[in-house]
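The sequence shown lines up with residues 534 to 1121 when you count with this note's numbering. Quick notes on the structure that follows.
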Amino acid sequence: MVGPTASAPEPGPGATAFDITVRAPDEVRGLIEKHIELQRYRAVTDLDDNELARLLVLADRNVRELLGTLGYFEPDVAITQETTAGRRTLVVAITPGTPTRANAVAIDFSGDIATSSDADAKAQQNDIRRGWQLPAGQPFTQNAWDSAKTQALRSLSVRRYPAGKLAESLADIDAPNAAANLSLRLESGPLYRLGPLKITGVERYDPVLVPRLTRLNPGEIYDQKELTDAQQRLAASGYFDSAYVFLDPDGDPTAAPVEVQVREAQLQKIILGVGLTTDSGPRASVEHTHHRVPGIGWRAVTKIQAEKKAPFAQTEWTSIPDMSSWRWSALVRAERLNDDDLTTQAAKLRFGRTQTGDRIDRAVYLQYDRASVQGAGTQSNAAAQAGDGSALSANYIWTGRYFDGLPFPSKGFGLGFELGGGTTLASTSNSQRHPYGRLVGRWLGIAPLTRGRIAMRAEVGGVLAKNSDGIPATQLFRTGGDSTVRGYGFRDIGIKLPNGVTGPGRYVAVGSVEWQRPLIRNGLPSEFENTFFVDAGAVGDAAKDLRPSVGVGTGLRWRSPIGPLQMDLAYGVKVRQVRLHVSVGFVF
């Protein structure tokens, strides 16, 4: 059926030979108006009737070709000329007919992928067929056909076969039945294996750094994802401002060279920062990085941060990674924790090994902790219960991240645990040594919904000891604040000490459920989200003493260029107060 009428826009200033009016359904009219070749002849003002008649014959063919790109192969097209007040108008009337749909689809292969007995080659064939984007029953258009072929070729060439190509393709159109029988053959070429790295751009840093960060071993079967991951590791390492990793397809397929081009970062840098959080108030920081300390070649990162609640100064030195991505690490940190009733001066010394992976991080280390607590009263036993003491411990940390995309995940989960054991050391507030164990587990899960997602968070921890005497406050637990239990102040949830102040406890449990719902703008999800949440947390000196403090509220999320910006308004049920919480970033 012929649809609404529209006049084609004027080609530009000046006289024109004729106007064009297209009468067609909306789904085809825009394409005809824009691409009909008659538009090119409107500026030819001296066309006579014979020349115009010939153009109309050519225009009929042109319109049918354009309609064919949309899957209409048996349209009714009529192009007529009308004259009004001496002005010629060409009227293009279209009834497109039945849209063509894909009927049969045949995908064949040649080259190594067809002859190999390797199970991975067979699996790749099946993946390409399952991922075909124009299956039987779908509307056939030229764009959909081209897009499906491009995607199939990409699925072939990103793994095992970088020299893959489209050898043949055919769309056999059965116009009377509005059906398209599709067939194509993908030529894989030879199987490619990685050869040696060809590195350019390394001057000031250790030459072994790039091979250890890329983790690309000669002889491995080509996988573009592995090369992309290697490039991201180089860029995220801090040693390089830019990095490019790609395979040379003209090389020997059995050992194709891998080109690695990097631009080194400055040997030293200083970062000045200012910020504001509702947990700690305004803050200012200065951070200095030396990427290759003379003599040992380690990286040293030193940071001083001034803020009201938790100012600190620390320096961390790390070696370059070995071939298994393990590196030595040493850390010295001094901090002050201002918890209203208590002020804790803490120091930490750590030495061990860390491993950073694409999904899994590990750390094993020895650590010395020292905490001096003021404000708990003059009695030494009160100070010891509040976390005044020192300890030496051995620790292991494991963290796994299985999200679909950071820093803005829409599904997945993260899991982490800490396992440690040690002994307290004699001090003025604790004359005896006591062994203790420390366990912490964390989990974050994100489940997609039809509209939005549910984020669930849990943390449990415990210090296994006879009592808290002499265990440093930094090894015990307090909770509350922006990233734990909203509706309560920073570290406001703890245990009541005999002198009435709030102190750290040996057990902690925290949980949260949050509904994240995107805000719609112009019919599409925007970069803003609305949230509703319930948080709960408890601290005690025994598991049976855990009594939850609950917070409920709503908030706003913004996917900002520097990471997720979170602004929440929460009501603390136990304290009967409303608090605003603001934080930036996704951390697990």
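Glycine is no exception: its CB is placed at the ideal position from the N, C-alpha and C atoms. Model, not experiment: these values are computed from the prediction.
Cβ separation of residue i and residue j, assumed to be a contact under 8 Å, to the nearest whole Å
| i | j | result |
| --- | --- | --- |
| Leu516 | Ala677 | The question about residue 516 has no answer here: the residues shown for the chain are numbered 534 through 1121. |
| Ile706 | Val625 | About 23 Å separates the two Cβ atoms, so there is no contact after all. |
| Gly933 | Thr877 | Not really, about 31 Å apart at Cβ, beyond 8 Å. |
| Gly885 | Ser862 | 6 Å |
| Arg966 | Leu958 | 6 Å |
| Asp874 | Thr1035 | 6 Å |
| Asp1068 | Val1018 | 5 Å |
| Gly978 | Phe950 | At roughly 15 Å, the Cβ-Cβ gap does not stay under 8 Å, so Gly978 and Phe950 are not in contact. |
| Pro1037 | Leu1009 | 4 Å |
| Ala998 | Ala879 | Contact doesn't hold; Cβ gap of about 19 Å is too wide. |
| Leu564 | Leu591 | Not confirmed; about 18 Å, so no contact. |
| Asn636 | Ala669 | 6 Å |
| Ser943 | Arg986 | 6 Å |
| Tyr772 | Tyr738 | 6 Å |
Among the options, the one whose alpha carbon lies nearest that of residue i
| i | options | result |
| --- | --- | --- |
| Val1108 | Leu1102, Val1083, Asp1074 and Ala635 | Val1083 |
| Thr674 | Ala654, Arg634, Arg693 and Gly664 | Arg634 |
| Gln799 | Ser770, Ser813, Met989 and Ala789 | Ser770 |
| Ser643 | Leu699, Arg620, Ala846 and Pro632 | Leu699 |
| Tyr969 | Ile1004, Ile565 and Leu948 | Ile1004 |
| Glu797 | Phe551, Ala846 and Gly734 | Gly734 |
| Leu742 | Arg860, Gly1013 and Arg1024 | Arg860 |
| Lys842 | Gly1014, Ser649 and Pro629 | Gly1014 |
| Phe779 | Ala708, Ile803, Ile804 and Val691 | Val691 |
| Pro782 | Gly814, Tyr725 and Asp579 | Tyr725 |
| Asp1074 | Glu1062, Leu1030 and Leu1102 | Leu1030 |
| Pro1081 | Arg1011, Ala696, Gln757 and Phe1065 | Arg1011 |
| Phe941 | Pro1051, Leu997 and Thr761 | Pro1051 |
| Gly955 | Trp931, Ala652 and Ser926 | Ser926 |
| Leu689 | Asp653, Val897, Asp593 and Asn710 | Asp653 |
| Leu1102 | Pro1094, Ile1095, Gly1096 and Leu1089 | Leu1089 |
| Val1072 | Lys944, Pro1094 and Ile1026 | Ile1026 |
| Leu870 | Thr887, Ile893 and Gln907 | Gln907 |
| Gly814 | Gln1049, Lys836, Leu805 and Pro844 | Pro844 |
| Trp931 | Asp937, Ala763, Asp579 and Tyr898 | Tyr898 |
| Val638 | Asp645, Arg663 and Leu1113 | Arg663 |
| Gly630 | Glu759, Thr761 and Asn710 | Asn710 |
| Glu1122 | Gly784, Pro1094, Arg1024 and Thr648 | Look at the range of the chain in this structure, 534 to 1121, and you will see that residue 1122 is not part of it. |
CB contact check: residue i to chain C, cutoff 8 Å
| i | result |
| --- | --- |
| Glu584 | Note that chain C does not occur in the displayed structure, where there is just one protein chain. |
Beta-carbon contacts of residue i that lie in its chain and below 7 Å, excluding the five residues immediately before and after
| i | result |
| --- | --- |
| Glu1060 | Trp1091 and Arg1092 |
| Pro751 | Leu727, Gly728, Pro729 and Ala788 |
| Phe551 | Arg575, Arg621, Thr622 and Leu623 |
| Glu615 | Thr622 and Val624 |
| Gly1086 | Arg1019, Gly1020, Phe1066, Asp1101, Leu1102, Ala1103 and Tyr1104 |
| Glu701 | Leu717 and Arg718 |
Own chain partners of residue i with C-beta closer than 6 Å, once the 5 adjacent residues on each side are dropped
| i | result |
| --- | --- |
| Pro672 | Gly604, Pro632 and Arg634 |
| Val1111 | Tyr1104 |
| Thr911 | Here Thr911 scores only 43 on pLDDT, less than 50, and its place in the model should not be relied on; the value that follows carries that caveat. Excluding residues within five positions, none has a Cβ falling inside 6 Å. |
| Ser775 | Arg796 |
| Val1115 | Thr811 and Met1100 |
| Trp976 | Leu948 and Ala991 |
| Val807 | Ala817 |
| Thr613 | Val624 |
| Val555 | Ala539, Arg562, Ile565, Glu566 and Val625 |
| Lys881 | Arg866 and Asp902 |
| Leu746 | Arg766, Leu767 and Ser770 |
Contacting residues, own chain, Cβ-Cβ under 8 Å from residue i (five flanking each side not counted)
| i | result |
| --- | --- |
| Gly545 | Legend: pLDDT at Gly545 = 47, less than 50; position of this residue unreliable, value from coordinates given subsequently. Excluding sequence neighbours, Gly545 sits near Ala576. |
| Asp785 | Gly728 |
Report task. Specify whether the stretch 582-589 and the stretch 600-608 touch according to this definition: at least 3 beta carbon pairs, one from each stretch, less than 8 Å apart. Result -> Contact between the stretch 582-589 and the stretch 600-608 is absent, because fewer than three Cβ pairs lie under 8 Å.
**Report entry** Ranges of the beta strand (DSSP E) found wholly within the stretch 765-824, counting only runs of at least 3
**Finding:** Annotation: the stretch 765-824 contains the following complete segments of the beta strand (DSSP E) (minimum length 3 residues), in chain order: 773-780, 789-797, 801-810 and 814-823.
Query raised in the report: For the stretch 818-837 against the stretch 715-723, are there 3 or more C-beta pairs whose distance is under 8 Å?
Result: Judged by Cβ distances under 8 Å, the stretch 818-837 makes no contact with the stretch 715-723, as fewer than three pairs qualify.
Requested in this report: Would you mind listing the beta strand (DSSP E) stretches within the stretch 648-727 that are 3+ residues and don't spill past its ends, in chain order?
Outcome: Runs found: 698-707 and 712-720.
Query raised in the report: Where in the stretch 851-925 do unbroken runs of the beta strand (DSSP E), each at least 3 residues long, occur, reported from the N-terminal end onward?
Result: Positions of the beta strand (DSSP E) runs, each at least 3 residues long and wholly inside the stretch 851-925, are given as 859-872, 875-889 and 893-907 in order along the chain.
Query raised in the report: Is it true that the stretch 1038-1048 meets the stretch 990-1005, where meeting means three or more beta-carbon pairs spaced less than 8 Å apart?
Result: Yes, the stretch 1038-1048 is in contact with the stretch 990-1005.
**Report entry** Length-filtered (3 minimum) beta strand (DSSP E) runs lying within the stretch 572-633
**Finding:** Within the stretch 572-633, the runs of beta strand (DSSP E) at least 3 residues long that lie entirely inside it are, in chain order, 609-617 and 620-628.
Query - the stretch 729-736 contacting the stretch 780-792, beta-carbon criterion three pairs below 8 Å - result: Yes, they touch.
Query - At least three beta-carbon pairs within less than 8 Å, the stretch 810-825 to the stretch 838-848 - result: Result yes; three or more Cβ-Cβ pairs closer than 8 Å.
Query raised in the report: Can at least three beta-carbon pairs, one atom from the stretch 853-871 and one from the stretch 829-844, be found at a separation below 8 Å?
Result: Because the criterion of three Cβ pairs below 8 Å is met, the stretch 853-871 and the stretch 829-844 touch.
Query raised in the report: Counting only runs that start and end within the stretch 721-760, where is the beta strand (DSSP E) found for 3 or more residues in a row?
Result: Runs of the beta strand (DSSP E) inside the stretch 721-760: 727-733.
Query raised in the report: What beta strand (DSSP E) runs, 3 residues minimum, are completely inside the stretch 1008-1073?
Result: Within the stretch 1008-1073, the complete beta strand (DSSP E) runs of at least 3 residues fall at 1040-1054 and 1057-1073.
Query raised in the report: For the stretch 954-995, which segments carrying the beta strand (DSSP E) assignment without a break, of at least 3 residues, lie completely within its bounds, in sequence order?
Result: Within the stretch 954-995, the complete beta strand (DSSP E) runs of at least 3 residues are 968-981.
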